[in-house]
Each structure stands twice: as structure tokens, then as C-alpha cells.
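Participant: Sharing a structure here in C-alpha cells format.
This is the structure we're talking about:
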């Protein structure tokens, strides 16, 4: 009786896996690592001092050829590797109350060690906000700038319910120790989508975060030039920075693992069922 | 009026005169007395009691406790500390207590409430359960303590007083049928000579009445008024548990008299046949011998629960291991990498320190302090211990308690376990031991009141070599039926007469031939009114038909022995509706004889001091005539003599000696001309004995007047002698007259078994259980019952261990030991030498031998022998010995034992055994109060063990294993995630998800499994008793299974975790390009866990009801509902789980596809395992389950395969009814074989055959 169930699983899983694989293959993904390439040759011996020296301009440009036709929207991600956004100390260092209600709230003790500066509270407080990613990208195709839509890259519920519409950055990155990006104090937190995306901490030390969308199709062999500001310090801890352009399917991004797993499980189930049936027949014969 | 007068008449008889051998009752040995006198006043013998002056015992130094008893475990003050202590003795609870304490110091990774609340809940429920159970015990005590007894207050006035208010020194009056409230010194009784009858069934299980006798000096105190001035002082031994000794003296009217056990009336025994007694309280409450004899009820834990502790230890080691890995990993990261992670702002980072001193001063994150890495790692270790606490199933204990309470309810409510006679049903008094019922290997059973109803029935008799009352036994019946079905093609007869025809034609071997041949009455016995104590149907004797018998004289004499040779007395009914009398006698079998003789027309209607009056049916005149017999002498029954005689003279002056006794004793004393029927009678005897009937032989002789006179002088002289030689002289005197007897026949009475006992024992034996009989009763009785219950049978080799006379008289422990050791060794040698492995052995041992056999250096040999015997019967054992045997058997074999009994004498055994069962149908409640379970009747044990025990064992083991699985599967994912967070202690899941895990999302299915799971239905359990063996062999809870389930948990956790992180990272998980953050990943992984563990339980459940479906699928649904509701709460409450399902993961197809994939993959190993097991290594229950499914479809139960499997599943047993039938069939077959052989020979020898074989061709 059990054998039929296994066989049944097999026959369901294989087609599902194949469909999934097809969806995954329809996704076009371009990944460009730029953290080393963007450091000028002379500074490559000591990249940390390069990145910490404000006097050196951090401009850099990349170019790549589009390997396949990419249908809009094309999602732009930055990917960081070996970056422990899931470190307990880091994850806990935020104040949801402050993000939503602003200064009058006192629940910022959880934000340590980045809670006050010069005896005034920091908005947004905490390590996560303080270490905001601040590389910027502009895309140029055929000498014309490709428009990047940077709206709606964060969860709607975050924008509406977790980051206050009347909460403005205050006293942010004013200390002696400056972590990552700065925020425009005139824009409320609910509109600071980069911050919102950044504050949805990633689960694993290697992660992508949405930067924006290109809402034009890219053709095969289009050459795209990226001008970027290489501000963010991943050099201290040997992290990598990558730029990712990817289309999506109904399944999301490029994800062969799922389809392969389905096909593999399906076919092994069928094999097991067949082997057992054969064994069963043989043993009956004896 | 009539009743009153009869009572008066009865009282007038001087009983002491009737009992010429009265000293035989528990005689004190001569050495004991002088020694006892010297002992008084010494340590251990210092008690002083001022009779009738209880106020003197209110103050020291004579202050003794009230007569209040308490069997509760706790009282109001001790409950909290003791119950808490009991709770935190459990390893897991202790761990969670520590975790809760740590949470107070902000060391825990979770909130305080989420750690403390479950602990309080779990411990609270367990303590509540303890409290309720103890409360019930308290109520029962209250019931006993509030019984009343007439107590003397002053001036000869007796008023009702509560038992608990009774004090030492109080004079009480106990009426007929009442229990003694405490240990009393007998002062006087309603009989003039101060004797009284006591039933001690509750103490030692003996059913015959015991005589107690007051001192001559206190005889005068037999009226209420006499006590106004009564004063006496008793010096005696201190309270002790010894039931059969009492040393002391009483100073009364300035004289000192020694006291002996025969003046002591023990608590828990009952006054019988005596209207009232006066007594003074000597020991009260907890000082009484009965209470001292009882041991405190230990808190029992089932074997599975004890093994569960070991599992918890394993999980603990896992926990410590992963915690160590975590803290070590954290140490490495902290030392090497973490300081470079500027986004953490760790203080040791030089730049941070240089630039911002204020930050480093305030710094108090002790978990990540790079300047003190070891300290941080230590703290991380503690945090990890708490974090991975999900490996330890905290709710396991509480779930098990809940499940057990529900199981208990199911058992208690089982209608099949309801006895409509007593209107009682089974009561599980503690629910701790449900699953232990499924693992019992050995049953130690009491006899009286448990197996038997303590009621004798006259069943059969053999008079003058003819057997009456039917020959065919149930065993024969069953054997012939089976043979008919087994050998259908060839029906043979083993009938001797048919053998004469010697033909090859098949002829019928059937029941009908049996019954026709024997004129059997048993098959048609149902008509006629039921007479208590008389279950005899034979038209040749009943309805006065015996007058047509050939041996009229022998028959008449037989009935006269029955009607005259006894010590009973008739009771006159208050209403004279019938002319039938009822009787009261020392033993129930005498009563049954009297009833039987009345039925046959020899009604014993009166007895006076020296006269016995019978109403005889005279065959010549066909009328009832009243005849008077002069009672000349009465030679008392005693266990050493094993016979009893009366010497009577009839109206014609003829002197008869009428004797009844054990057959061997009587046969030895037969005259040469009295052996006419010996051979035939012996045959009948053995067939009666095999049926478990109790037999007594009847004989008589006529004595010439001259011979009697000369003998009587010797006898009177012997009676008058005082001193140690008296007994011997009496013995010699009786020997002189009890000889040259003429055998009349034998009677067989049935010690009536309770309903369904043989069938129950048979089923239990088929289930592979061993049954030992422990009884305080006589050896003969015990052996009879052994036969009746099929524990013994004729073809079984029996070993009788008892002390030889020499050894006993020597009284040297060393000799006795050697004697017993030798017996044991020779018996064991026989067992070892027996070639036939299936050959059954029976062991019968009596109390005295047992006392020696259980001593240190002999006990191992004894137990070795006993364990190798199919059945063991211990007779004449004291309550303490019962308990001792139970303990030794338990220790020696290491098997689970169940003790069942009904009286206070079984209390020790009941408490000592792994499971104690009390029979609740009887009057005494002591056994029930000490028991773990009470049954109305023994027969319910069958269903209780084979059905409920089997189920509960399966349920609990499945449940525990599943618990381990689900907690490993969940707990390890927490650990794997640590590997990806640099061991910083971050948790993948929201706090509330985790709290919900054990409490809501996985608890109900497991409880449903624990309560309702059945591998097979109850019918099938009973049809295939061998299934029960899964319990004792511990198939479901072996280490390999436990390890297997832990591994399954490890595999599931790996699959769940790895699949999730590889699929969800780092690419987008939805079409809108959003990637999975920590909260989405947590929710998705958690969904996979919920699905996996709930589907796993669906896979292991074999019996689905709507409750299981609801709980399993409901739990999964509940998770989504929870996620929705929790996500809809305002974000400052729901935190990162806000809208996680609605906006984050719910709309992503990836989420659902991962769920399906992960569930299937993580269940696949188990699935393949069961497919392989079921196809290639199926277990009993698998086969039966499949067969059951097939037969449900096609409804053909009587299929060949079904019958074959059923036959196979019955273990080859050596005891029980079926075993007897098997043995019978074997012997029938042997007879058949012989007959065939003889037929073959006769044929081959015949000339025709020779002529054929000697053909010309050869």
C-alpha cells in the first residue's frame, strides 16, 4: 500500500519540478562584484584606509553586456557577503517604537550602543540604522541614463505601519563615529525606503537587498555602464559587494535548487517504488 | 420470639466441651511461656495499659496515640514542600526551574514570562493531580475513622464512639459481624465459656473461623453493668507487626495472669458466630498489628517513565553538546573576527575606544565583550542551554499526565469492565501506571476472594465405587470438540467397546458418545432452583431416588457421616416458610455438606450438648423420621491429623465411629474388609482432583461397647493430663480408635471460583503471563484451586517444598536450610534434565519452607527454580511473606509484576508489586485503598491487561517517542541557525511562535494519540493475545526505536533547515523582487516544522477518529490562523511578524512549494522505513492490521488464514485451560495411535492379509 503512495508522490513531483525549473530558467540574472574593482590599484594594499579616507573620491564605474533579453521590470539589488546582519547584538539594536512615533517615546534603551549623541536622542537609533548601506548606482545605456525607480522597494506594511509619517531623522550620524549612509532630515522615515529595506534585516550573512527597478526592457548585447559611489566599508571584515540585475518569474528570482529538488525527489520516489515492486515480485516467486 | 429463644439455646452450649482437642488451636509451645514471663518490663516489652481507665493514657509516660489512622501521603503543611520536591525530582522540571531562575537575571534569550509560565502550568497541573488523589485517600480514611463502636463511659453505660476517638484502655463491646476497631484484649463473650469466633480473612486470607478465648478470671465480665468497677493493669509487649505473637500479663483483682495471642483480637478481623464480646483496647491506631504490618504506600513510577528519564538524559547531553559548540564557536568568532565587524561597535575596537570613551564606559553587553572573551563564552553557554531548551520536551510530563488521566477515564468508563452484580466498575486509583499494565510479565494472585468466592459447593460424590454428579469435564468436552474439528476427515473413537469391532470405517468420536455413555447430567443441568452451596445434579441421588440404589446401607451410612461428622450448628430462620435450614460452621465446606445432606433427606436439625438430631428419610417407610444420635466423643480436625471423627451411638445403642478426612489418611486406616471400593474410588478421586475439586473421604466403623468403654477411659485420661505430653497422649488415643475403617466413598466440593476466572487465566497464559498463587490458606486448598484454575494439571511434574518433620522439630535454622536447599537442588536438577522443553513443572511451597527459602543464601536458588516452573503456588504465607516474595521476584527477574488481592493481608504485596490491584467487590477496603487499580472481579484483569494495558503501552510509547522526535526536529533548527549567525544567539523564530509550539500547535494531536490510538481493535486484542507480548518484550520502546526516532528528528531538522536556506537565499522570493528577510525565513521554516511534525503524527496514527483529524489538521490550520491574527496586531505588539503572512509570504508561490517539498522529503525516510518493515519484517500488529482491513472489506472472518494466524498467535502455554485441553488431545492422540497400531497388527496378522501380500509375484 505504501508503495503506491511513493509512486504517486513521484508522479506529482516530477512535472512540478520541471515547471519550476522552466520558470527559474526564464529568469535572467547579472551579477557583478565591484568591491575590489572599485578600489584604485594603489590603494589595494590597504583598502580599509582607502574607504575611510573621506578626501579620496569614491567614484567608480562598471560596464557589462546584457547576455539575454531582459523584460522589465528589472530589479536592481546590492548583495553583501560575510555581513552578519543577523548578529544578535545588531538585530536587537533598534527601537520600533521610536521609528513609528518619534522622539516623545522613551523606549530607546534597546538601541544601545547608538542611542544618544550629545545627550540628545538619535532618530533613527540603533546599530542597524547607523550602519545604513550608502553605495549609490546610476545606470547608463547608449549614453542615456536608464531611469531607476526607487519607490515601492520596501514592504507596504513597513512604510505605512512601522515607520512614522511624522518622524524625521534627527541627530543622525552626527557623532564622532560615522557608520554608513546619512538621511535627509526633511524626509519622513516612512519615505526613506532605503532605510526601510535596510532595516528589514537579512536572515543569513550573505544577502541581497532591493535597490530599485529599471522599468525598461534591456536587449541582448546592450551595454550598460554603472556609475557608482563606492562608500560602504566592507573591507574591514573582508565582505564582498555585488551588484545584481535580475528579472523575476512567478516564482521569484533565479532558483534552480527548488526545481532540481522536486525532480530529484520525484524520480527517486519512482525508482524506489519500482525497485520495491520488483523485489516484491521476485520474493513472491521464490 | 422464636429467634430469640434459639439464640439463647445456642448460647447455652458449652463449646469448650464439644472441642475435646481445643488446645490444638494455635497452641503455645511450652518453651514460649516462661520466657515470655521474664521478658515483661524489659525493653520491647514495656507497655502498660490501665484497663477501663483511658484517662490515664492522656498524659505521659503512658500516652499512646488515638485510634486514628491515616494513609494519606501529605497533610496540609507538608503538601507544598513535599509535592514540590516530588515535582522537581524530575530532571526536566529541574532544568526548567533553573532556566526560569536564570531568566530572572536577563541571561535568557527569551522573555521571562515565556519561560516561567509553562513551568508553573506544568508543575501546577501535576501537583493538582497529586492533591486530588490524596484527597480521595483522606476521604477513605475518614470513612474508616468515623465508624462507631459501643464504648464504656462510666457506671456500666456503653455509648457509640467514633473509632478515631478510641483510646488505649477503653472497654468496648463489639457485636456480631462488626470489625474490631483496634487490637483488643478479649475479656468475655456472649458464650458462657468466653470463646468467640474471629474471621481473619483480611489479615492472613484464611477463611476458616478462629477461636479466641478469654481468661477464666475475666469470664464474669459479661454484662454491661459489670464494667462500672472493673479495673486491671496489663503489661505487655510494645507495638510490633507480628500477627501471631503476643506476650503480656494482666493484673486483675490482685492476681497476675499470663496473656497469650488467643486473648488478642486484631484490628481488621471480624467477629463471627458470636453475639458480642467485651474487650479492652491494647493497641490503637498506628500501633495496631494490622497497621504495623502494612507498609507505607510508595509512590510508584512506571517503567516507561523511568526510562523516559534516560531519554531526557540523552537529550540533555545533546543540549549540552550543542551549547558547548555554540559557546566555543562564539568564543572563536569573538576573538578573531567579530572585532573587525565595525557595524557591531564592539568596544575593544581600538578606534571606538579612542574616539568615544563614553561608549565604552557604558558598555554592558556582557555577551560580546572582546576584552573578556572567556566570560562572554561562558554566558553564551548558559544562554545556549536555555535557547536550545526546546530539545527538552517540557510539556512531555504534563501531556503524559493529561493523557493518563484521560486514559484512566476511558478505562473507568469501559462498560465491559462493569460488574452489574456489585454495581462497581474498574477504578484506576493512580493514573501513573496505565502503560505498565501492558508490560506485566508476572501476576501474583491471592486466592480467597480473588480467584474464589469463598463459597463451597457440593459437586460430586462417589459412593460405594459409583460416581455421581457427572463424569465429563469441561476439559474433555473442549478436547473432543477440538479433535473433531482437527481430524474431520478421520473420525475415530477411542471407546473401548467400539474398539471390539475393529473396522476401518470412520466412526464418530464426539461429545454425544461421551454423554450418552456416562448418562451425563452436566449438559442438562440448567433447570431446577439454585441452592447455594449445592450444585449437584444426578437423578440417581436427588429427589430421594437413592432409595432405589443397590448399596442402600452404604449410601445411608455415607449420608449419616455427612450429617453427623461436623461441628456445625443449624440456624433457625426467623420465618418458617420453608422447612430447609441454613447452617453455620467453622469452614464453608462443612456448611456445604450439611446442605447437601439436607437435600438428600438427612436433615441435621438440632444439636445439644451431647445429642445430635437428624430428620432421616426412611426408605422402608418412605417417611421422614427424627432420629437422635448420642454424641459420645468428637475427635477434632487439625491440620496435622487431616481427619475428624465423631463417635456416636444410635437409638439402638450401636456405637459408630464416623470419620472424614483426607483420602490418603483414610485409606491408610482401612480395615481389610473395608477396601471393597478402594480401586474405583481412587480413580474417581483423581478425576475429581484434576477438576480442582476438593475431596474428602468418608469411612465408618462400628465399635463394640466393650471396646469403646476401654478406649474411652484411656481417652478421658489423656484429656485430663496437663503438660506437654497431653497432645501426644491424645494423638495416641485417637490412633487407637480410628482404625479398621470401612470406606464409604468420597465427596467432592468445589471451592467456587469467581465468574470467568478459568477463562481469564487461560487468556492471560496465552498472552504469555506467568501466574503465581500466594495464599494464606492450607496447602490442600491451594492445590485444589491450582487445579480448578488450570494452574496445575495431572500430567505436570509437581515439586512440593516443605520442611521435613525432623528438620522442623529440630528447630535448627541450619538444618532447615540444608533440608530446603537439598530439595530445591534436586528439583532444579530434574528441571534441567528434562528433555522436553515444553514439559510443565509446578512448584508448591508452604509458608515455613518459604521462610527458609527466602533467606539470603538460599533465595537465589529458590527463585531460579521458581522462575523455571510454569506455575508456582505458595500456601500458608503471611502478609509480610507475600510482600517479600513480590519484592524478591521483582528484583530477581527484573520483570514487571502485578499483584492482585482483596484483603488486608494482600496490602503488602499490592504495594510492593509494580502494579497493585485490589478487588473491590468484597467488604474489606484495605486492599483497594492500597492498590493502584481496583477491579470488581478477577476476570476483568483479562480485558484490563490485554486490551487496555496493550493500548496504553502503545499509546504512551508512541507518544513519548513522538515527543522526542518533534522536539529534536524543532530544537536542532535553532542550533543550525546559530551556525549562520556567528553563534551570537539570535533566534530564527519569533518568541511567540516558539511558546506556541509545545503549548498549542503540537500538543493536541499528541494528546489525541495518547488517548485514542489503537493498533488493533479490542476484539482483535482478545483474539490475538500474543499481541500482548509486545509490551513485556518492549518492542515499542526499545533503545533502537528511541535512537531511531532521535535520528529521524535530526534528519527532519536538517531537511527543513537546509532546504529553506538554500531555496530562499539569496534570490527574490516573489515576483515583485522582494527577498526573504529574517522574519520571512523564520515564518516559512516554522511553517515547514508545523507541517512536518503534524504530518508525522498522522503517519504514526493507525486509528483515526474525527478527534484525531480535527486535532492534526486543526493544529496546522491554527498555525495559519495564529499567524494571521498575530500579524494583524499593531506592530509594536507583533513586532517583525507584522503582516508577515498577508504581505510577506502568503502570496509567494515559493512559500507553498517549499512547504510541500520539505514535508515530503522530511517524512520520506520514515515512510520508506515503514514500507520496508511492513513488506519484509512485519510485526504481529502489522499483519493483523492488514488482515483486519481485508476482512472489513470482504467480511470473512472465518477465513482459513484468519484462524491460522490466530492459532499461531497463541503462545504455546504451559498453564491454563487451553494447555490442559492440548495435553488432553495429546493423550487422546497417543491412545488413538496405539489403537491404530493394534488394529494394524491384527490386520497384518490376519490370514487374508497374508494371502494378499504373499502374492505369487513376489
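Protein chains in written order, with full-length UniProt numbering: chain A, 1 to 286; chain B, 1 to 1258. Glycine is no exception: its CB is placed at the ideal position from the N, C-alpha and C atoms.
#1: Does the region 250-261 of chain A come close enough to the region 62-74 of chain A that 3 or more CB-CB pairs lie under 8 Å?
#2: Excluding five sequence neighbours on each side, which residues of the same chain lie with their C-beta closer than 8 Å to the C-beta of residue 534 (chain B)?
#3: Going by DSSP in three states, residue 570 (chain B) sits in which element: helix, strand or coil?
#4: Just by C-beta distance, which residues in the region 87-103 of chain A are closer than 8 Å to chain B?
#5: Taking the Cβ atom as the reference point for each residue, do residue 437 (chain B) and residue 949 (chain B) lie within a distance shorter than 8 Å?
#6: Cβ closer than 9 Å: which chain A residues qualify as neighbours of residue 1153 (chain B)?
#7: Would you identify the three-state DSSP class for residue 948 (chain B), choosing helix, strand or coil?
#8: Could you tell me how far apart the beta carbons of residue 877 (chain B) and residue 843 (chain B) are, in whole angstroms, since I believe they sit closer than 8 Å?
#9: Secondary structure at residue 695 (chain B), three-state DSSP: helix, strand or coil?
#10: Can you tell me whether DSSP reads residue 464 (chain B) as helix, strand or coil?
#11: Measure the Cβ-Cβ separation of residue 1166 (chain B) and residue 1058 (chain B) and say whether it is below 8 Å.
#12: Taking the CB atoms as reference points, tell me whether residue 1092 (chain B) and residue 1050 (chain B) lie closer together than 8 Å.
#13: Under the three-state reduction of DSSP, which class applies to residue 227 (chain A): helix, strand or coil?
#14: Say whether chain A places a C-beta atom closer than 8 Å to the C-beta of residue 342 (chain B).
#15: Using DSSP with H/G/I as helix, E/B as strand and the rest coil, what is residue 318 (chain B)?
#16: Does the ligand GTP have even one heavy atom less than 7 Å from the beta-carbon of residue 252 (chain B)?
#17: If the criterion is Cβ atoms closer than 8 Å, does the pair residue 3 (chain A) and residue 1171 (chain B) meet it?
#18: For residue 1081 (chain B), go through chain A and note every residue whose CB falls closer than 9 Å to its CB, in chain order.
#19: Can you pull the DSSP bridge partners for residue 187 (chain A)?
#20: Is there a Cβ from chain B that is less than 8 Å from the Cβ of residue 127 (chain A)?
#21: Return the Cβ separation of residue 865 (chain B) and residue 884 (chain B) in integer angstroms, given the expectation that the two are a contact with Cβ distance under 8 Å.
#22: Measuring straight from C-alpha to C-alpha, what distance separates residue 85 (chain A) and residue 316 (chain B)?
#23: Using DSSP bridges, identify the partner residues of residue 660 (chain B).
#24: Checking 8 Å against the spacing of the C-beta atoms, do residue 444 (chain B) and residue 995 (chain B) come in under that value?
#25: Please list, in chain order, all residues of the same chain as residue 15 (chain A) whose beta carbon is under 6 Å from its beta carbon, the five residues on each side excluded.
#26: So that I know if they touch, is there some Cβ in chain A lying closer than 8 Å to that of residue 1175 (chain B)?
#27: Smallest Cα separation from residue 834 (chain B): which of B:812, B:857, B:797 and B:847?
#28: Helix, strand or coil: how does DSSP classify residue 936 (chain B) here?
#29: Would you decide whether residue 423 (chain B) is buried or exposed? Buried here means 16 or more other CB atoms lie within 10 Å of its CB.
#30: So which residues of chain A does residue 1180 (chain B) contact, with C-beta pairs closer than 8 Å?
#31: What three-state label does DSSP hand residue 851 (chain B) in the structure shown?
#32: Indicate whether residue 1097 (chain B) and residue 1112 (chain B) have their beta-carbon atoms separated by less than 8 Å.
#33: Could you confirm whether any beta carbon from chain A is found closer than 8 Å to the beta carbon of residue 1188 (chain B)?
#34: Check whether the Cβ atoms of residue 670 (chain B) and residue 648 (chain B) sit closer than 8 Å, and answer yes or no.
#35: So residue 920 (chain B) packs on residue 427 (chain B), CB below 8 Å; how close in whole Å?
#36: When the Cα atoms are used, what is the spatial distance from residue 138 (chain A) to residue 1117 (chain B)?
Facilitator: If we stick to the structure as given:
#1: Per the Cβ contact rule, the region 62-74 of chain A is not in contact with the region 250-261 of chain A (fewer than 3 Cβ pairs under 8 Å).
#2: Taking the first residue of the second chain as 1, we reach residue 534 (chain B) at position 534. Only 457, 458, 592, 595, 596 and 599 meet the Cβ criterion.
#3: By 1-based counting over the second chain, the position of residue 570 (chain B) is 570. Note: residue 570 (chain B) maps to strand in three-state DSSP.
#4: Listed by position, the residues of the region 87-103 of chain A near chain B (Cβ gap below 8 Å) are 87, 88, 89, 90, 91, 96, 97 and 100.
#5: By one-based count along the second chain, residue 437 (chain B) stands at place 437. By one-based count along the second chain, residue 949 (chain B) stands at place 949. Going by C-beta atoms, residue 437 (chain B) is nearer than 8 Å to residue 949 (chain B).
#6: Residue mapping note: residue 1153 (chain B) aligns to position 1153 of the second chain, counting from 1. In chain order: 16, 20, 251, 258 and 262.
#7: Here residue 948 (chain B) refers to the residue found at position 948 of the second chain. The three-state reading of DSSP puts residue 948 (chain B) in helix, counting H, G and I together.
#8: Translated into positions along the second chain, residue 877 (chain B) becomes position 877. Translated into positions along the second chain, residue 843 (chain B) becomes position 843. Contact flag wrong, Cβ pair sits at about 13 Å.
#9: What you label residue 695 (chain B) is simply residue 695 of the second chain in a count that begins at 1. It is a strand residue.
#10: Translated into positions along the second chain, residue 464 (chain B) becomes position 464. Residue 464 (chain B): coil per DSSP, three-state reduction.
#11: Counting from 1 along the second chain, the entry for residue 1166 (chain B) is found at position 1166. Counting from 1 along the second chain, the entry for residue 1058 (chain B) is found at position 1058. Not in contact: residue 1166 (chain B) and residue 1058 (chain B) (Cβ atoms no closer than 8 Å).
#12: Start at 1 with the first residue of the second chain, and residue 1092 (chain B) comes out as number 1092. Start at 1 with the first residue of the second chain, and residue 1050 (chain B) comes out as number 1050. Residue 1050 (chain B) sits away from residue 1092 (chain B), with the two beta carbons spaced by 8 Å or more.
#13: The residue you call residue 227 (chain A) lines up with position 227 of the first chain. Looking at residue 227 (chain A) - three-state DSSP - the assignment turns out to be strand.
#14: Your numbering for residue 342 (chain B) matches position 342 in the second chain. Contact with chain A is found for residue 342 (chain B), since one of that chain's Cβ atoms lies less than 8 Å from the residue's Cβ.
#15: Along the second chain, one-based indexing puts residue 318 (chain B) at 318. It is helical.
#16: What this structure holds is no ligand at all, so the ligand GTP is not there to describe.
#17: Your numbering for residue 3 (chain A) matches position 3 in the first chain. Your numbering for residue 1171 (chain B) matches position 1171 in the second chain. At a Cβ-Cβ threshold of 8 Å, residue 3 (chain A) and residue 1171 (chain B) count as neighbours.
#18: Locating residue 1081 (chain B) in the second chain gives position 1081, where the first residue counts as 1. Chain-order list of chain A residues neighbouring residue 1081 (chain B): 202, 203 and 204, by C-beta distance under 9 Å.
#19: Sequence index remark: in the first chain, residue 187 (chain A) carries index 187 (1-based). The beta-bridge partner set that DSSP reports for residue 187 (chain A) is empty.
#20: Mapped onto the first chain, residue 127 (chain A) falls at position 127. Residue-level contact check: residue 127 (chain A) touches chain B, since one or more beta carbons of chain B fall below 8 Å from its beta carbon.
#21: As a position in the second chain, residue 865 (chain B) is number 865, starting the count at 1. As a position in the second chain, residue 884 (chain B) is number 884, starting the count at 1. Residue 884 (chain B) and residue 865 (chain B) do not touch by the CB rule: their CB atoms are close to 17 Å apart, not below 8 Å.
#22: Here the question's residue 85 (chain A) lines up with position 85 in the first chain. Here the question's residue 316 (chain B) lines up with position 316 in the second chain. When rounded, the distance between both Cα atoms is 31 Å.
#23: Within the second chain, the letter at position 660 stands for residue 660 (chain B). Looking at the DSSP output, residue 660 (chain B) bridges to B:644 and B:698.
#24: Residue 444 (chain B) sits at position 444 when you count from the first residue of the second chain. Residue 995 (chain B) sits at position 995 when you count from the first residue of the second chain. Contact flag unset, no.
#25: If you number the first chain from 1, residue 15 (chain A) lands on position 15. Short of 6 Å from the beta carbon of residue 15 (chain A), and not among the five residues preceding or following it, lies no beta carbon of its own chain.
#26: Taking the first residue of the second chain as 1, we reach residue 1175 (chain B) at position 1175. A Cβ of chain A is located within less than 8 Å of the beta carbon of residue 1175 (chain B).
#27: Against the second chain, residue 834 (chain B) aligns to sequence position 834. Measuring from the Cα of residue 834 (chain B), the nearest candidate turns out to be B:797.
#28: Taking the second chain and counting its residues from 1, one reaches residue 936 (chain B) at position 936. The DSSP-derived three-state label of residue 936 (chain B) is coil.
#29: The residue labelled residue 423 (chain B) in the question sits at position 423 within the second chain. Within a 10 Å sphere around the beta-carbon of residue 423 (chain B) sit fewer than 16 other beta-carbons, which makes this residue exposed.
#30: What you label residue 1180 (chain B) is simply residue 1180 of the second chain in a count that begins at 1. Ordered by position in chain A, no residue passes the 8 Å Cβ test against residue 1180 (chain B), which lies about 18 Å from the chain.
#31: In the second chain, residue 851 (chain B) corresponds to position 851, counting from 1. DSSP places residue 851 (chain B) in helix when its eight states are reduced to three.
#32: On the second chain, position 1097 is the one that residue 1097 (chain B) refers to. On the second chain, position 1112 is the one that residue 1112 (chain B) refers to. For residue 1097 (chain B) and residue 1112 (chain B), yes; Cβs fall inside 8 Å.
#33: Taking the second chain and counting its residues from 1, the one referred to as residue 1188 (chain B) is at position 1188. Chain A, which has no Cβ nearer than 8 Å to the Cβ of residue 1188 (chain B), makes this no.
#34: By one-based count along the second chain, residue 670 (chain B) stands at place 670. By one-based count along the second chain, residue 648 (chain B) stands at place 648. No, the Cβ-Cβ distance between residue 670 (chain B) and residue 648 (chain B) is not below 8 Å.
#35: To locate residue 920 (chain B), count along the second chain from 1; it is residue 920. To locate residue 427 (chain B), count along the second chain from 1; it is residue 427. Contact holds; Cβ gap of about 7 Å.
#36: On the first chain, position 138 is the one that residue 138 (chain A) refers to. On the second chain, position 1117 is the one that residue 1117 (chain B) refers to. When rounded, the distance between both Cα atoms is 47 Å.
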